[in-house]
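Visitor: Residues in the sequence shown are numbered from 400 upward in steps of one, following my numbering. Ideal Cβ placement from N, Cα and C applies to all residues, glycine included. Predicted model, so just to flag it, every value in this text is computed and none were measured.
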Amino acid sequence: MEKVCSILVHYGPWVGYEQPNSKGEQFVFEKGEYPRWDSWTNSRRSDTIGSLRPIKVDSQEHKIVLYENPSFTGKKIEIIDDDVPSFHAHGYQEKVSSVRVQSGTWVGYQYPGYRGYQYLFEKGDYKDSSEFGAQHPQIQSVRRIRDMQWHQRGAFHPTN
Numbered sequence: 400m401e402k403v404c405s406i407l408v409h410y411g412p413w414v415g416y417e418q419p420n421s422k423g424e425q426f427v428f429e430k431g432e433y434p435r436w437d438s439w440t441n442s443r444r445s446d447t448i449g450s451l452r453p454i455k456v457d458s459q460e461h462k463i464v465l466y467e468n469p470s471f472t473g474k475k476i477e478i479i480d481d482d483v484p485s486f487h488a489h490g491y492q493e494k495v496s497s498v499r500v501q502s503g504t505w506v507g508y509q510y511p512g513y514r515g516y517q518y519l520f521e522k523g524d525y526k527d528s529s530e531f532g533a534q535h536p537q538i539q540s541v542r543r544i545r546d547m548q549w550h551q552r553g554a555f556h557p558t559n
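1) Do the region 519-535 and the region 473-485 meet, that is, are 3 or more Cβ pairs less than 8 Å apart?
2) List the endpoints of the continuous beta strand (DSSP E) containing Ile504.
3) Could you give the DSSP three-state label for Trp436: helix, strand or coil?
4) What is the residue span of the beta strand (DSSP E) that Ser470 lies within?
5) Near Phe531, what residues of its chain come up, given a Cβ to Cβ distance below 7 Å and the 5 sequence neighbours on each side ignored?
6) Could you check where the beta strand (DSSP E) with Tyr525 kicks off and where it finishes?
7) When DSSP builds the beta bridges, which residues end up paired with Phe531?
8) Check each candidate in Gly449, Ile479, Ser540 and name the one with the smallest Cα separation from Glu460.
9) Closest to Ser540 by C-alpha separation, out of Phe471, Ile463, Lys474, Ser502, would be which residue?
10) If you follow the beta strand (DSSP E) that Ile544 is part of, which residue opens it and which one closes it?
11) Could you name the residues that DSSP lists as bridge partners for Gln425?
12) Nearest CA to the CA of Trp505: which residue from Pro434, Cys404, Arg545, Lys430?
13) Excluding the 5 residues preceding and the 5 following Thr440 in the sequence, name in chain order all residues of the same chain whose CB lies nearer than 8 Å to its CB.
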């Protein structure tokens, strides 16, 4: 694995993974500079990027529904065209075990204030938290990805 000291994104967005083959902790990068590892993550002390891929953003409209239980059951919170820094402020204090993205591309965060582990949500259904890479079904904030410029090709896979 490659130790990454800094990242410069000319245009994006991109998702980086801690391990090769799009595995491990996720890091979402949008246009800008990331001078140190702690500028792209605050969940743990990881300074390695094992793979990167462009994120396809195909809609300016955004709608996501997050469910308490797997297979889209239990209490839910529906978000349309808004960033939500705290689900608690909206009265939703449940876990998130499944997600349905009807439009747009989103980043979910483990904790309020866009902190903790990051989870990329592209259009589609995630019937269980393992499908979006979570070890624990905990998401407490989400934001939209609005950069419509994306690379149709491109990836990074380090070779040893």
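Guide: By the coordinates alone:
1) no
2) The sequence shown places Thr at residue 504, not Ile. Counting along the chain, the beta strand (DSSP E) containing Thr504 begins and ends at 504-510.
3) helix
4) Here Ser470 belongs to no beta strand (DSSP E), and DSSP marks it neither H nor E.
5) Closer than 7 Å at the Cβ level, and outside the excluded window around Phe531, lie Val498, Tyr518, Phe520, Tyr525.
6) 523-525
7) According to DSSP, Phe531 bridges with nothing at all.
8) Ile479
9) Per the Cα distances, Ile463.
10) 540-544
11) Tyr416, Gln517
12) Arg545
13) Spatial neighbours of Thr440 in its own chain (CB-CB distance under 8 Å, excluding positions within 5 residues in sequence) are listed in chain order as Glu424, Phe426, Gln517.
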